[in-house]
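Count the first sequence with my numbering and you get residues 27 to 443, in order. Quick reminder that beta carbons are idealized off the backbone N, C-alpha and C, glycines included.
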Amino acid sequence: MRESQLFFKTQKDFPKDEVAINAQLLLRANFIEKLMAGVYSYLPLGYRVREKIIRIIEEEMNALGAAEILMPALHPRSVWDATKRWETMGKIMYQFKDHSGREVGLGPTHEEVMAVIGKTVIDSYADLPRAVYQIQTKYRDEPRAKSGVLRGREFTMKDLYSFHTDEASLAEFYEEAKKAYTKVFTRAGLKAYATEASGGDFTKEYSHEFMVETNAGEDEMMLCRLCGFAQNTEISKLKSGTQCPKCQSGVLDKVTSVEVGNIFKLGTKFSEPVGFTYKNQEGRSMPVVMGSYGIGIERLLGTIVEVHHDDKGIVWPEAVAPFKAHLLRIGEATPELQRLSEETYHALQKSGVEVLFDDRERASSGEKFFDADLIGIPWRIVVSEKTLVREKVELKRRNEQEVKVITLNACIKSLTL
RNA sequence: CGGGAUAUAGUGUAACGGUAGCACGAGUCCUUUGGGAGGAUUUAGUCUCGGUUCAAGUCCGAGUAUCCCGACCA
């Protein structure tokens, strides 16, 4: 991709109002654009990161045996009346009437719709267990959108639902889902702790929140730095003291964190009210036992920025970076330098390296370096008069100081290892 | 939804109640080209409504928006 043709523009100044680092950096580097509080557009760079995250999630969900579907964002009131949540979710749900007076709402979550769909697919114990997920836009009339992209009014959620004959089957899947979640976050460059939490609205049983330690967070968890055991602060209050209940030798520290995902055992809470049942082997109708598992895509993206940045800009983990390499043509674009930069660009592309080529004629070298640091692509390749005379290129990692002057072939080799 | 703060050009900032200025950006021309280049020139602004006043960006009231702290969520 040529930077001269990409639809974005970095900003020299920090946005005045924003305090959250993810908002400052993502807005300044123009990954995103704010339309209103908690509602953002994703420009090419942000879009690419978002897509990378989604691909990782899809891979791990598919590996779990879940199939991807897509449910609507617009729901009729009737679906929500079955569980009485039209009323109880009223505060946070965008609800309105269409032109013919029908009451409709934008989905803040999809348990009800899911159960309705489930009814058409699942009839018998032979149809179970099953798992489906979607990556879809949620709408929540948050009383307070905040922290940039961390809490939005419109955001994308991966929501996975599992269906079982009994609690044992659910528990088994739940553990697999927990592992898959850990994989997702690890691949996205985050250390997420599966903390025990109360089930909240959904279930009396415990649930797990996936917490990432960062000051930008709005949650707290109790963390043992020795063994990595983590616990929700509420649960921690009820149970143990400050000693780690797992390794017995560590101490639980209270740390600020962001909840990037959570998993719930729903049981029959949503299946019973809508009559979502299956026939067991004796031919009796039984409510389907459900689990639900969520990840906030943009929150995850924002959290990555909160964790991976320095004073110059973002430092993307390679797996979610908008591009793998950032090629900068530095100095006057003489025919010779043009030749070397184009050659480098094409060679990288041919080798399958995702590369952003800063071929801008009018940007100064300083501007290109600053932008490259701000955008945070993992590998920086520089071609200039200096490298031209030796027929080489410079290779530098965003998170390291060392600059290597090497041949184009050697450069490609280190990028395609 | 309670509490606090802020609102001036695309962005960031000035202006005693009395001529809305500066920097960046953007446009044109020239010179530049290894860490946000220099000169010339052009461009664009007081959140909305009401009030006080000879006069309001500035004072008062209401509204709206944004950010922050709480309560709630991925």
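Cβ neighbours of residue i in the same chain (closer than 7 Å, five flanking residues each side left out)
i	result
C270	C250, L252, C253, F255, G276, V277 and L278
V341	H334, H335, G402, R424 and N425
E235	T221, A223, N258, E285 and N288
A242	A46, I47, N48, S173, L176, V284 and E332
S262	M248 and L278
K35	N56
Q50	F40, P41 and E44
Cβ-based burial, residue i [other Cβ within 10 Å; buried from 16]
i	result
A93	exposed
I289	buried
T146	exposed
M62	exposed
Q160	buried
C437	buried
I407	buried
I95	exposed
R81	exposed
L374	buried
G144	buried
T433	exposed
K295	buried
Q37	exposed
H125	exposed
G293	buried
G116	exposed
Rounded separation between residue i and residue j - CA only
i	j	result
F302	R310	13 Å
V105	A141	10 Å
D245	I83	23 Å
K164	S377	38 Å
L400	K422	15 Å
G72	V139	30 Å
A194	V314	13 Å
Y68	A55	12 Å
E137	T208	23 Å
T413	A359	13 Å
T109	C273	42 Å
H366	Q427	This sequence places Leu at residue 366; His is not what is there. Taking the straight line from one Cα to the other gives about 24 Å.
M237	M316	23 Å
V281	R156	37 Å
I323	R213	14 Å
Residue i, enclosing alpha helix (DSSP H) - first and last residue
i	result
S297	S297 to V300
F396	S391 to I401
A93	Segment A93 to I95 is the beta strand (DSSP E) holding A93; no alpha helix (DSSP H) there.
E324	I323 to V333
N48	I47 to R54
E244	It is not in any alpha helix (DSSP H) - E244 carries neither H nor E in the DSSP assignment.
K376	P361 to K376
W106	R103 to D107
K412	E411 to L414
E428	Unbroken run through E428: none, as it is neither H nor E.
L154	Run containing L154: none; DSSP gives neither H nor E here.
Terminal residues of the beta strand (DSSP E) in which residue i lies
i	result
T36	Neither: T36 is in no beta strand (DSSP E) and is coded neither H nor E.
R213	First-last for R213: E193 to R213, but that is the alpha helix (DSSP H), not the beta strand (DSSP E).
V65	V65 to Y68
T465	There is no way to answer for residue 465, as the model of the chain reaches only from 27 to 443.
S283	L278 to G293
D384	V381 to D384
I148	Premise fails: I148 is in no beta strand (DSSP E) and is neither H nor E.
S469	Outside the displayed span of the chain (27 to 443) sits residue 469, for which this structure offers no information.
H352	A351 to R355
K422	V419 to R423
A220	A218 to A223
E59	I58 to M62
CB of residue i within 7 Å of CB of residue j, strictly
i	j	result
H101	G127	no
Y444	L354	One cannot answer for residue 444 here, as it falls past the ends of the chain, which runs 27 to 443.
Y304	Y151	yes
E332	N88	no
D337	S30	no
K78	L196	no
G64	G178	yes
Y120	D167	yes
E393	G357	no
R74	F383	no
I321	K217	no
Cβ shell of residue i (< 6 Å), same chain only, five flanking positions each side left out
i	result
A206	E86 and L90
D153	none
Y219	M237 and A256
Neighbourhood of residue i by C-beta distance below 8 Å, restricted to the same chain and skipping five residues each side
i	result
R416	V431
W405	K350, A351, H352, L421, K422, R423, R424 and L441
E260	A223 and S224
R170	R177
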